[in-house]
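Heads up: the structure comes next, in structure tokens.
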Amino acid sequence: MNQLCPRFEKAMVLLSTRWVGLILFELLKGAKRFSEMEADLPISGRLLSDRLKLLEKEGIVERNIYSEFPVRIEYTLSEKGKALEPVIKDIQRWAEEYVSADDAADNEVK
Numbered sequence: 001m002n003q004l005c006p007r008f009e010k011a012m013v014l015l016s017t018r019w020v021g022l023i024l025f026e027l028l029k030g031a032k033r034f035s036e037m038e039a040d041l042p043i044s045g046r047l048l049s050d051r052l053k054l055l056e057k058e059g060i061v062e063r064n065i066y067s068e069f070p071v072r073i074e075y076t077l078s079e080k081g082k083a084l085e086p087v088i089k090d091i092q093r094w095a096e097e098y099v100s101a102d103d104a105a106d107n108e109v110k
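Numbering-wise, UniProt numbering puts 90 at position 90 of the sequence shown, and it's gapless, one number per residue.
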């Protein structure tokens, strides 16, 4: 019997963690401040912070601190994170073709 590759399983668990895909999609557009992502995503600040810490720990997101006044912190994709771009774009294309508007509405945050 074929066993699931542990690396594939870890990747799927990480990418299927709620909000991770949307955070990565946002960061594909370029560097973002926490407040920008919080305004753009339907997610609480605490949960966004938790997900960014997870992605940073995994080496997918980098946290850049700029010594300005006030201090500016931006999040960007690392090289490892940027390597996910074709995967995310393929999922987006697949969703546009196969996920109906009704299916998408069923998944909206209430």
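Just so you know, even glycine gets a beta-carbon here, dropped at the ideal spot from N, CA and C.
Quiz item: To the nearest angstrom, how far is it from the Cα of Leu89 to the Cα of Met37?
Solution: Sequence inspection shows Lys at residue 89; the Leu mentioned does not correspond to that position. If I take the Cα positions, the gap works out to 19 Å.
Quiz item: Taking the DSSP output, what are the residues bridged to Arg63?
Solution: Within the DSSP bridge table, the entry for Arg63 names Tyr75 as partners.
Quiz prompt | Secondary structure of Val99, DSSP reduced to three states | solution = coil
Quiz item: Does the region 91–101 come within contact of the region 31–49, defined as at least 3 CB pairs closer than 8 Å?
Solution: no
Exercise. Along the alpha helix (DSSP H) that carries Gly45, what are the first and last residues, could you check?
Key: Gly45 to Lys57
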